[in-house]
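These notes concern the structure reproduced below.
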Amino acid sequence: MRFLFYVFFFLINTSFAQDSFKPDSIDQKMFWLNKGKSKARLFVHFDKNVYSNNETVYFTGYLLNIDSNATKEHRVMSVALVRNADSSVISQGKFLMQDGLSYGNLLIIDKVIPGDHHFVAYTDRMINAEPEVIFSQAITIKTASDPPFKASMKLLEEKKITNSEKRILINVASSEGSFLKTPPTINYKYDGRNKSLIADNAGQTILSLPTNTGIKDPNLYLKIKNGRDSNFISMPIPQPKGNASVGFYPEGGSLILGISSTVAIEVKDPQKAPMLLKAVLYKNDEVINTIETSNYGIGKFKLLPEENSSYKIKLIHSSLRDSVYLLPKPKPTGLAVSINEAIVEDTLRATLRTNRPGKIIIRIHNFQSSYIITSFELKTTIQAIKIPLDEVPKGLTTLTITDSLHRPLAERMFFAHYSSTNQLNIYTNKQTYTQREKVKVRVSLNKPNDNAILSVAAVQDNRLSPKNLQDISSFIYLNDELKQLPQNLNGNALVDKNYLEEILLVKGWRRYTWQDLENASNKVVEIKADSLKFSGRLTYKKKQVTIDKVITYGGPNPYIVPLDSAGYFSIPSSQMIEKPGTKLFFLLNGPDRAKVNFDYQIKVNDPYLALNASLAKRYNPDAPILPSSLPNNNMLVLKNNERAIQLKEVVIGNKNGNIIGNACGDYICPYNILNCINHAGHGGNTLPKIGRRYLAYSGQPETLEYKGCFEPNESVFFRANPVYLHKEFYINDYKDPLEPAYFSTIYWNYGLILNGEKELEFYTSDITGKFRIVFQGISSSDLVYAEQSFEVKPKQNP
Numbered sequence: 005m006r007f008l009f010y011v012f013f014f015l016i017n018t019s020f021a022q023d024s025f026k027p028d029s030i031d032q033k034m035f036w037l038n039k040g041k042s043k044a045r046l047f048v049h050f051d052k053n054v055y056s057n058n059e060t061v062y063f064t065g066y067l068l069n070i071d072s073n074a075t076k077e078h079r080v081m082s083v084a085l086v087r088n089a090d091s092s093v094i095s096q097g098k099f100l101m102q103d104g105l106s107y108g109n110l111l112i113i114d115k116v117i118p119g120d121h122h123f124v125a126y127t128d129r130m131i132n133a134e135p136e137v138i139f140s141q142a143i144t145i146k147t148a149s150d151p152p153f154k155a156s157m158k159l160l161e162e163k164k165i166t167n168s169e170k171r172i173l174i175n176v177a178s179s180e181g182s183f184l185k186t187p188p189t190i191n192y193k194y195d196g197r198n199k200s201l202i203a204d205n206a207g208q209t210i211l212s213l214p215t216n217t218g219i220k221d222p223n224l225y226l227k228i229k230n231g232r233d234s235n236f237i238s239m240p241i242p243q244p245k246g247n248a249s250v251g252f253y254p255e256g257g258s259l260i261l262g263i264s265s266t267v268a269i270e271v272k273d274p275q276k277a278p279m280l281l282k283a284v285l286y287k288n289d290e291v292i293n294t295i296e297t298s299n300y301g302i303g304k305f306k307l308l309p310e311e312n313s314s315y316k317i318k319l320i321h322s323s324l325r326d327s328v329y330l331l332p333k334p335k336p337t338g339l340a341v342s343i344n345e346a347i348v349e350d351t352l353r354a355t356l357r358t359n360r361p362g363k364i365i366i367r368i369h370n371f372q373s374s375y376i377i378t379s380f381e382l383k384t385t386i387q388a389i390k391i392p393l394d395e396v397p398k399g400l401t402t403l404t405i406t407d408s409l410h411r412p413l414a415e416r417m418f419f420a421h422y423s424s425t426n427q428l429n430i431y432t433n434k435q436t437y438t439q440r441e442k443v444k445v446r447v448s449l450n451k452p453n454d455n456a457i458l459s460v461a462a463v464q465d466n467r468l469s470p471k472n473l474q475d476i477s478s479f480i481y482l483n484d485e486l487k488q489l490p491q492n493l494n495g496n497a498l499v500d501k502n503y504l505e506e507i508l509l510v511k512g513w514r515r516y517t518w519q520d521l522e523n524a525s526n527k528v529v530e531i532k533a534d535s536l537k538f539s540g541r542l543t544y545k546k547k548q549v550t551i552d553k554v555i556t557y558g559g560p561n562p563y564i565v566p567l568d569s570a571g572y573f574s575i576p577s578s579q580m581i582e583k584p585g586t587k588l589f590f591l592l593n594g595p596d597r598a599k600v601n602f603d604y605q606i607k608v609n610d611p612y613l614a615l616n617a618s619l620a621k622r623y624n625p626d627a628p629i630l631p632s633s634l635p636n637n638n639m640l641v642l643k644n645n646e647r648a649i650q651l652k653e654v655v656i657g658n659k660n661g662n663i664i665g666n667a668c669g670d671y672i673c674p675y676n677i678l679n680c681i682n683h684a685g686h687g688g689n690t691l692p693k694i695g696r697r698y699l700a701y702s703g704q705p706e707t708l709e710y711k712g713c714f715e716p717n718e719s720v721f722f723r724a725n726p727v728y729l730h731k732e733f734y735i736n737d738y739k740d741p742l743e744p745a746y747f748s749t750i751y752w753n754y755g756l757i758l759n760g761e762k763e764l765e766f767y768t769s770d771i772t773g774k775f776r777i778v779f780q781g782i783s784s785s786d787l788v789y790a791e792q793s794f795e796v797k798p799k800q801n802p
C-alpha cells in the first residue's frame with residue numbers, strides 16, 4: 005500500500021475587517037441557511053473521457069472540503085458505468101477509500117454498445133438516505149471492432165412534406181451490405197415517447213415525426229436490435245421556429261433611473277443551449293444599439309435609463325420567431341455597482357453610483373461566511389472604492405451592499421486571488437517522439453515549500469473530448485458553486501479570464517438567495533447520518549433458522565460471520581476488501597455445508613447494487629440538451645491507425661456469451677501473457693493451464709509457472725462482490741515487435757507525492773499524433789491542475 009496523506013486546506017475561518025460597525029444577525033442567518041447542508045465534495049480524475057471496448061478505466065477519487073476526522077466516515081467509493089440511452093448500469097465496482105483518497109479501475113468489456121455513457125461515483129456515507137457526496141463524469145465509448153451490422157438514418161426532404169412533419173429513412177444491412185436474415189427491430193425515442201417497430205425485409209422503414217414548438221429534446225434516438233446484437237444511433241430533427249429564453253442581468257441587480265450601468269444578456273435556445281446571435285436594442289421604438297452574444301450566449305451593453313422610456317430588444321436569428329423582449333423596469337432610486345475586472349488577485353476595485361447618498365454597509369462574503377463587513381457614508385453620487393482581500397480565501401466571493409437596515413441595494417460576484425501562473429513546472433525531454441520511444445518528464449511545484457498528492461495520465465489527445473472535460477480546479481471553484489455552465493471552448497474554464505468575466509456577469513445574480521437568507525430561521529433540521537452496510541441472512545428451507553449455525557466468508561483470508569437468532573448478519577466494509585480480480589464466497593460450516601442452495605440458503609444484500617440502479621435512473625445533472633448527431637453506427641469505430649487488426653479466433657465464453665477468466669479472473673491473452681491488462685476481455689483470450697509457463701508483468705516482465713486457481717463449487721459456496729484495492733498500471737516498453745501496441749493511455753500514476761522535483765518515465769505506443777499529460781490533485785495550499793503536450797511520429801524504417 006502506498007503512503008497516503010490527506011492535504012487539508014479548504015476549511016475557512018471566518019474573519020471580519022470592520023470599523024465601529026457592530027456585526028449583525030446576517031451571519032447567524034447564513035449559519036441557519038446552511039445548517040444541515042454538507043460542504044464535502046467528491047471529484048474523480050479519470051485517465052480520459054473517450055474509451056473503447058476492452059480498455060481499462062483508471063481513476064482517483066478526491067474527497068474535498070472536509071476535515072481529516074470526517075474523512076474517516078467515508079470508507080468505500082462506488083463507481084458505476086451508466087448508458088445514457090436507457091439508464092442501464094453496464095458495470096460497477098467498489099473501491100477502498102482511505103484518508104479521503106480512493107484509487108481504482110474498471111474494465112470496459114467487449115460487449116458494451118458504443119455511444120454516450122457516464123460514470124456515477126459516490127461514497128458509502130449517507131445523509132437522509134442519499135449519498136453525502138456524488139460525482140458524475142460524461143464519457144463516450146467507441147469500438148475497436150467493426151459493427152455487427154450497418155445502421156444509418158437520414159432526413160427525407162420532399163416538397164409535399166409539411167413543416168409540421170418530418171420523415172426519416174432508416175436503413176439496416178449486414179456488415180457486408182447485404183440484406184439481413186431477419187428484419188431488425190427498431191425502438192425509437194422522440195419527444196419523450198418510446199415506440200417500437202419492425203423494418204421490412206430489406207431492413208428499411210420510414211418514420212414520420214411531428215415537429216412541434218416547445219419540444220424539450222429534438223433528438224431522435226434509435227436502438228436497433230438484430231438477434232443478440234444491438235446498436236444505438238441518433239440524429240437531431242429540424243424544428244420549426246421557436247422562442248428563445250432571454251435573461252437580463254443589470255450589473256449590481258437593478259436598473260436605476262438616471263444612472264448608467266452595464267446590462268448583461270444571456271440567450272438560450274428552446275433546449276437551453278447558448279446562442280450566438282445579434283440583437284437590436286430599442287428605446288421606445290427607436291434603435292439605439294446593436295448587441296452581439298458570444299459562443300456562450302452572453303453579451304453586454306451600457307444603458308442609462310430615462311424616465312417615461314421603455315427598453316426592449318429584438319433577436320436576429322434564422323431559427324427564432326420574431327419576438328421582442330422587454331428589459332426590467334428601472335427603479336426611481338437606488339445604487340448601482342460597476343466592476344471592470346471581476347477576476348482579481350488581492351484587491352477589488354468597484355465604482356458605486358447612486359441618486360440617494362447615505363449610509364451603506366459593504367459586505368464581502370460567500371453566503372456561508374462573512375469575511376469583511378464595514379459601514380460607509382456615501383456622500384457623493386459617484387464613489388470609487390478599493391477593498392484589500394487579505395482575509396478572503398481564493399474563489400468565488402460576493403460583494404453585497406445594503407442600506408443601514410440590511411436591505412440589499414446591489415450585489416456583484418467576483419473571483420478572489422486569481423492567478424494565471426501554472427502550479428506545476430512540467431518539462432518533457434523532447435517535444436517530438438517516435439513510436440515505442442521512452443518519454444522522460446520532470447515535474448515540480450511552483451511554490452518551493454508546497455507538498456502535493458497527484459494523479460497523472462498520459463493519453464492520446466483525441467481521447468479527451470472537450471464536451472466531456474472536467475478538471476478539479478474548475479469543478480470546485482466554479483461548477484460546484486454556479487452549477488451547470490456553458491462548455492468552455494478552451495477546455496479548462498479556470499484559465500480563460502474572458503470566459504470567467506462573462507459568466508460572472510450573469511451567473512452571479514442571486515437575489516433569490518437574499519430572500520432565502522431573510523427567511524432563514526433556527527428551525528430543527530433532521531439529519532440522519534449512516535453508512536451503507538453489507539448484510540444478509542441464512543435460512544433453512546426458506547424459513548428462519550432454528551439452530552445455531554456458523555458462516556465463514558472471504559477470499560484468501562476467511563472470516564467467521566456472527567449470526568443473530570433469526571440468521572441475520574452484517575459485515576463491516578473493512579472485512580470485504582480484496583485484491584483486484586479476487587472473489588468472495590460465503591460458506592456454511594459443518595456437515596450441512598453441502599446443503600447450501602438446497603435446504604440452506606445464504607442471501608447477501610449488497611446495497612450498492614440497488615443504489616447504483618436507482619441513481620442511474622434519477623441522477624442526471626441539469627445539462628443543456630445538445631444535438632446528438634450520430635446518424636451512422638460506423639462513426640464510433642476507431643480509426644485503423646488506432647486499433648489492432650482483430651484476430652479471428654474461437655471465443656471461449658460462458659452461457660451468457662461473456663469472455664471468461666477462471667474463478668480467480670486469470671486468463672491468457674493471444675500473445676501468451678498471463679492477465680495481460682492490454683487485452684483484458686479480448687475475444688481471443690483462453691484459460692491458463694496448471695504447470696505451463698507464461699509471460700507475466702509485475703512491474704517487470706518475467707516468466708512464471710502457473711500454479712492454478714481454487715475454484716469453489718458454487719452449489720456449496722455463495723459468491724459476493726468485494727471492495728477492491730486498486731490495480732497497478734504497468735509500464736510496457738513494447739520490446740516484442742510482433743505484439744501490437746495500440747494503447748491510448750500510455751501512462752497512469754496515482755498517489756504521486758510531490759515535495760520537490762520528480763522524474764517520470766514511460767513509453768509511447770504504436771499510435772501517432774498528439775498526446776497530453778494531465779496532472780490533477782491537491783497541494784498544501786490549493787487544488788492542482790496542469791497539462792503538457794507532445795507529438796508522436798511514425799518510426800522511419802532504416
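Residue numbering for the sequence shown follows the numbering used here, starting at 5 and increasing by one per position. Here a beta-carbon is modelled for each residue, glycine too, at the ideal position from N, C-alpha and C.
Which class does threonine 209 belong to by DSSP, given the choice of helix, strand or coil? In the sequence shown, residue 209 corresponds to position 205, counting from 1. Threonine 209 falls in the strand class under three-state DSSP.
Check whether the Cβ atoms of asparagine 801 and tyrosine 767 sit closer than 8 Å, and answer yes or no. Against the sequence shown, residue 801 aligns to sequence position 797. Against the sequence shown, residue 767 aligns to sequence position 763. Cβ distance not < 8 Å, so asparagine 801 and tyrosine 767 don't count as in contact.
Spatial neighbours of phenylalanine 305 in its chain, beta-carbon cut-off 8 Å, leaving aside the 5 residues before and after: Counting from 1 along the sequence shown, the entry for residue 305 is found at position 301. Taking phenylalanine 305 as the centre and dropping the five residues before and after it, the same chain places the C-beta of Thr266, Val267, Ile269, Leu285, Asn293, Ile295 closer than 8 Å to its C-beta, in chain order.
With a threshold of 7 Å on Cβ separation, who are the neighbours of leucine 787 within its own chain once the five nearest residues in sequence on each side are excluded? In the sequence shown, the residue the question calls residue 787 occupies position 783. So the list reads Ile476, Ser477, Ile480, once near-sequence residues are dropped.
Quick check on the DSSP output: the beta strand (DSSP E) that includes leucine 619 runs from which residue to which? Taking the sequence shown and counting its residues from 1, one reaches residue 619 at position 615. Per DSSP, leucine 619 belongs to no beta strand (DSSP E); it is in the alpha helix (DSSP H), 611-622.
For alanine 461 versus lysine 52, is the C-beta spacing smaller than 8 Å? Working through the sequence shown from its first residue, we reach residue 461 at position 457. Working through the sequence shown from its first residue, we reach residue 52 at position 48. Cβ distance < 8 Å, so alanine 461 and lysine 52 count as in contact.
Within 10 angstroms of the Cβ of lysine 694, are there 16 or more other Cβ atoms? Answer buried if so, exposed if not. Sequence index remark: in the sequence shown, residue 694 carries index 690 (1-based). Sequence inspection shows isoleucine at residue 694; the lysine mentioned does not correspond to that position. Isoleucine 694 comes out exposed.
Helix, strand or coil: which one does DSSP assign to alanine 745? Residue mapping note: residue 745 aligns to position 741 of the sequence shown, counting from 1. Residue state, collapsed to three classes: coil.
Tell me whether valine 116 counts as near the ligand NAP, meaning its Cβ is closer than 7 Å to at least one heavy atom of that ligand. Within the structure as shown, the ligand NAP is missing, as the structure has no ligands at all.
Can you have a look at threonine 147 and say buried or exposed, based on whether 16 or more other CB atoms are within 10 angstroms of its CB? Against the sequence shown, residue 147 aligns to sequence position 143. Flag for threonine 147 reads buried.
Name the two residues that bound the continuous beta strand (DSSP E) containing glutamine 32. Counted from its first residue, the sequence shown places residue 32 at position 28. Unbroken run through glutamine 32 is the alpha helix (DSSP H), 30-38; no beta strand (DSSP E).
For tryptophan 752, I'd like the list of residues in its chain whose CB is within less than 6 Å of its CB, leaving aside the five on either flank, ordered along the chain. In the sequence shown, counting from the first residue as 1, residue 752 sits at position 748. The residues are Asp51, Tyr62, Ala461, Phe733.
Can you have a look at tyrosine 431 and say buried or exposed, based on whether 16 or more other CB atoms are within 10 angstroms of its CB? Position 427 of the sequence shown holds residue 431. Tyrosine 431 sits exposed, since fewer than 16 C-beta atoms from the chains shown fall within 10 Å of its C-beta.
Could you tell me the distance, in whole angstroms, from the CA atom of leucine 640 to the CA atom of tyrosine 746? Residue mapping note: residue 640 aligns to position 636 of the sequence shown, counting from 1. Residue mapping note: residue 746 aligns to position 742 of the sequence shown, counting from 1. Cα to Cα, the separation comes out at about 17 Å.
What is the C-beta distance between alanine 340 and isoleucine 263, in whole angstroms, given that I count them as a contact (C-beta under 8 Å)? Taking the first residue of the sequence shown as position 1, residue 340 is located at position 336. Taking the first residue of the sequence shown as position 1, residue 263 is located at position 259. Rounded, the Cβ-Cβ distance is 5 Å, consistent with contact.
Straight-line gap, serine 249 to serine 322 (C-alpha atoms, nearest Å): Looking up residue 249 in the sequence shown gives position 245. Looking up residue 322 in the sequence shown gives position 318. Those two C-alpha atoms are separated by around 15 Å.
Taking the alpha-carbon of phenylalanine 794 as reference, which of Ser784, Asn299, Arg776 has the nearest alpha-carbon? Taking the first residue of the sequence shown as 1, we reach residue 794 at position 790. When each option's Cα is compared against that of phenylalanine 794, the closest is Arg776.
Alpha-carbon spacing of lysine 220 relative to glycine 246, whole angstroms: Residue mapping note: residue 220 aligns to position 216 of the sequence shown, counting from 1. Residue mapping note: residue 246 aligns to position 242 of the sequence shown, counting from 1. Distance between the alpha carbons of lysine 220 and glycine 246: 11 Å.
Would you tell me roughly how many angstroms separate the C-alpha atoms of asparagine 658 and serine 784, rounded to the nearest one? What you label residue 658 is simply residue 654 of the sequence shown in a count that begins at 1. What you label residue 784 is simply residue 780 of the sequence shown in a count that begins at 1. With a pLDDT of only 41 at asparagine 658, under the threshold of 50, the placement of this residue in the model should not be trusted; the figure read from the coordinates follows. For asparagine 658 and serine 784, the distance between alpha carbons rounds to 50 Å.
Cβ neighbours of isoleucine 555 in the same chain (closer than 8 Å, five flanking residues each side left out): In the sequence shown, the residue the question calls residue 555 occupies position 551. Closer than 8 Å at the Cβ level, and outside the excluded window around isoleucine 555, lie Leu542, Ile564, Val565, Leu567, Phe573, Phe590, Leu591, Leu592, Asn593, Ile606.
Let me know the secondary structure DSSP gives aspartate 640 once reduced to three states. Along the sequence shown, read from residue 1 onward, the residue named residue 640 stands at position 636. According to the sequence provided, residue 640 is leucine. The question's aspartate does not apply to it. In this structure, leucine 640 counts as helix in the three-state DSSP scheme.
Which residue marks the beginning of the beta strand (DSSP E) containing asparagine 293, and which one marks its end? As a working mapping, residue 293 is identified with position 289 in the sequence shown. Start and end: 290-296.
DSSP state of isoleucine 777 mapped onto helix, strand, coil: Locating residue 777 in the sequence shown gives position 773, where the first residue counts as 1. Here isoleucine 777 sits in strand by DSSP.
Hey, could you find the ends of the alpha helix (DSSP H) isoleucine 507 is sitting in? Taking the first residue of the sequence shown as position 1, residue 507 is located at position 503. Start and end: 501-511.
Pair every Cβ in the region 450-465 with every Cβ in the region 129-136, then say whether three or more of these pairs are closer than 8 Å. no
Which whole-angstrom value is the C-beta distance of threonine 64 and tyrosine 126, which I expect to be below 8 Å? Counting from one through the sequence shown, the residue named residue 64 turns up at place 60. Counting from one through the sequence shown, the residue named residue 126 turns up at place 122. Going by Cβ atoms, the distance from threonine 64 to tyrosine 126 rounds to 15 Å, so no, they are not a contact pair.
Run through DSSP, which three-state label would threonine 217 get? Taking the sequence shown and counting its residues from 1, the one referred to as residue 217 is at position 213. Reduced to three states, the DSSP call for threonine 217 is coil.
In chain order, what residues of the same chain lie with their CB nearer than 6 Å to the CB of tyrosine 754, ignoring the 5 residues before and after it? Here residue 754 refers to the residue found at position 750 when the sequence shown is read from its first residue. Hits under 6 Å: Thr64, Tyr107, Ser459.
Three-state secondary structure (DSSP) of leucine 646: Taking the first residue of the sequence shown as 1, we reach residue 646 at position 642. Sequence inspection shows glutamate at residue 646; the leucine mentioned does not correspond to that position. Here glutamate 646 sits in helix by DSSP.
According to DSSP, what are the bridge partners of serine 92? By one-based count along the sequence shown, residue 92 stands at place 88. Arg87, per the DSSP bridge assignment.
Neighbourhood of aspartate 520 by C-beta, 8 Å cutoff - its chain only, sequence neighbours within 5 removed: Numbered from 1 along the sequence shown, position 516 holds the residue referred to as residue 520. Taken in chain order, the residues that qualify are Leu37.
Under the DSSP definition of a beta bridge, which residues are partnered with phenylalanine 590? Taking the first residue of the sequence shown as position 1, residue 590 is located at position 586. Bridge partners of phenylalanine 590 according to DSSP: Tyr557, Phe722.
How is threonine 75 classed by DSSP in three states: helix, strand or coil? Along the sequence shown, read from residue 1 onward, the residue named residue 75 stands at position 71. For threonine 75, the secondary structure class from DSSP, reduced to helix, strand or coil, is helix.
Starting from proline 798 and walking both ways along the beta strand (DSSP E), at which residues does that stretch end? Residue 798 sits at position 794 when you count from the first residue of the sequence shown. Note, proline 798: premise wrong, no beta strand (DSSP E); not H, not E.
Beta strand (DSSP E) containing proline 254: first to last residue? The residue you call residue 254 lines up with position 250 of the sequence shown. First-last of the beta strand (DSSP E) with proline 254: 249-254.
Please tell me whether isoleucine 3 and isoleucine 391 are closer than 8 Å, where the distance is taken between their beta carbons. Nothing about residue 3 can be reported from this structure: the residues present for the chain run from 5 to 802 only.
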